[in-house]
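**Q** Just so we're on the same page, my numbering is the position in the sequence shown counted from 1, plus 210.
Just so it is clear, CB atoms sit at the ideal spot from N, CA and C, and this is done for glycine as well.
If you scroll down you'll find the structure; I have some questions about it.
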Amino acid sequence: MGSIDTSKAKRPTRGRVGGTDVDRAKRFRGRMPPSARRSVFIRQEILWPGREPPVNPNRTEIDDPAAMAEEFKALAREMGADDVGIAAIDPNLVFTQAGDFSHTTAIVFAIGMKYDVMADIGPDSQAEVHRVYHELDELGVRLAQRIASFGYSARMQPNEGDVPLPAMAYLAGLGELGKHGSMISPSLGSSFRLGAVTTDMPLVADGPKDFGIFEVCSKCQMCERFCPGEAIASEPQEVNGLTRWHIDTPACEPFFHKLYGCKICLMVCPFNAKGDFRDAFKALSKDLVKAKDAPGLLDLLVSRTDMKLDEFKDD
């Protein structure tokens, strides 16, 4: 399923960051580890205000968009990206909050999370997520500045930005959407986060690629079996005009808040065994065999962390 028809897509509306339950989200933020809070501060107060740099009035004409695309992908890797691709932006996939959106291209990049840290589902995993988001936004600001120096508009896109990053990553050929609702990469499995820079600079897009991930997810039940909220559907659903894997957000959200951002579905994904994190996944797989199902895994995780689920006993 390397090609998805977006002709009937309807522009999505970005949900409330932090979830719909304001009180529970407040408690969730209140137990963030200090390093995560610092990362959030840097992102929101320092990086985001500069995410769209001023454009050089002396424009450099791009004679070879393909060569320029390769140059910027190489630059993103030099800046710390583990993978990078270029997407042609489908206007039907831009969030409604973005209004009239003139950018036509997105440079999409991924940075891997430390799998063993991400997989413990405790406070260290939350710190790791925000460390990676900080690096992605910092990389994106620097990349946007380079594009602007050529005389083209550019905007760093955080995970709260104008475009859904998984859709852009799919269009850039970085992977496919997994049954758990997140992107799966052939090299990074599910243990990574995404960033992007959108621009009007002419660049040749890489386009979607079929890695066979959809077919594997159709037969695999790992994330379904271990999801504590039973939020993962066994079949694709039509959402905003697209037939795709979809997560029941209201069922997922309570456990997202309880479990430091959860990530259980990302942790158990067998694609982690095929890429850069295969050795760490092998160690974890022994725990999955012992746990057998979601309640068993939840008991194991609680015994290894300070999650204090009684703070959320009203959920």
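Tell me whether the region 302-312 and the region 219-238 touch, counting them as touching only if at least three CB pairs, one residue from each stretch, are closer than 8 Å.
**A** Short answer: they touch.
**Q** In the DSSP assignment, find the unbroken beta strand (DSSP E) run with residue 242 in it and report its ends.
**A** From DSSP, residue 242 is part of no beta strand (DSSP E); its letter is neither H nor E.
**Q** Can you name the start and end residues of the alpha helix (DSSP H) that residue 350 belongs to?
**A** That run of the alpha helix (DSSP H) goes 333-359.
**Q** Span of the beta strand (DSSP E) holding residue 449?
**A** Unbroken beta strand (DSSP E) run through residue 449: 447-449.
**Q** Closest to residue 288 by CA distance: which of 263, 352, 267 is it?
**A** Checked all of 263, 352, 267; the closest Cα to residue 288 is 352.
**Q** Hey, out of 439, 438, 434, whose CA is closest to residue 446's CA?
**A** Of 439, 438, 434, the residue nearest in Cα terms is 434.
**Q** Can you tell me where the beta strand (DSSP E) holding residue 296 begins and where it ends?
**A** Unbroken beta strand (DSSP E) run through residue 296: 293-298.
**Q** Can you tell me where the beta strand (DSSP E) with residue 461 in it begins and where it stops?
**A** Run containing residue 461: none in the beta strand (DSSP E); it sits in the alpha helix (DSSP H), 459-468.
**Q** I'd like the span of the beta strand (DSSP E) that includes residue 398, first residue to last.
**A** That residue, residue 398, is in no beta strand (DSSP E); it is neither H nor E in DSSP.
**Q** Which residue's Cα is closest to the Cα of residue 420: 338, 297, 476, 384?
**A** Minimum Cα distance to residue 420 is reached at 384.
**Q** Here's a check: name, in chain order, each residue in its chain whose Cβ is nearer than 7 Å to the Cβ of residue 257, leaving out the five neighbours to either side.
**A** Counting only Cβ-Cβ distances below 7 Å, and skipping sequence neighbours, we find 347, 348, 351.
**Q** Does the beta-carbon distance from residue 376 to residue 404 come in below 8 Å?
**A** In this structure, residue 404 lies closer than 8 Å to residue 376 by Cβ.
**Q** Could you give the DSSP three-state label for residue 491: helix, strand or coil?
**A** Residue 491 falls in the helix class under three-state DSSP.
**Q** Using the Cα positions of residue 238 and residue 480, report the straight-line distance between them to the nearest angstrom.
**A** Each residue's Cα considered, the two are about 28 Å apart.
**Q** Need the endpoints of the alpha helix (DSSP H) that residue 424 sits in, please.
**A** Run containing residue 424: 423-429, per the alpha helix (DSSP H) assignment.
**Q** By Cβ distance, which residues of its chain are closer than 6 Å to residue 507, with the 5 residues on each side in sequence left out?
**A** Correct list, in chain order: 436, 501.
**Q** Since I believe residue 300 is in contact with residue 219 (beta carbons under 8 Å), could you give me their beta-carbon distance rounded to a whole number of angstroms?
**A** About 7 Å; that satisfies the 8 Å criterion.
**Q** Kindly list the residues whose CB is nearer than 7 Å to the CB of residue 449, restricted to its own chain and excluding five residues on each side of it in sequence; keep chain order.
**A** Once the five neighbours on either side are set aside, the close Cβ partners of residue 449 are 456.
**Q** Around the Cβ of residue 438, are there at least 16 other Cβ atoms within 10 angstroms (buried) or fewer (exposed)?
**A** Buried is the call here.
**Q** May I have the straight-line CA-CA distance separating residue 509 from residue 294, to the nearest angstrom?
**A** Going by the C-alpha atoms only, they are around 37 Å apart.
**Q** Using the DSSP secondary-structure output, state which residues sit across from residue 408 in a beta bridge.
**A** Answer by DSSP bridge pairing, in chain order: 316, 365.
**Q** Pairs of beta-carbons, one from the region 247-264 and one from the region 365-379, closer than 8 Å: are there three or more?
**A** Yes, the region 247-264 is in contact with the region 365-379.
**Q** Give me the residue from 426, 464, 442 with the minimum Cα distance to residue 484.
**A** That would be 426, whose Cα lies nearest to the Cα of residue 484.
**Q** CA-CA distance, residue 231 and residue 467?
**A** Residue 231 and residue 467: Cα-Cα distance of roughly 10 Å.
**Q** So what does DSSP say about residue 413, is it helix, strand or coil?
**A** Coil at residue 413, not helix or strand.
**Q** So residue 510 is in the alpha helix (DSSP H); what residue range does that whole segment cover?
**A** Start and end: 504-514.
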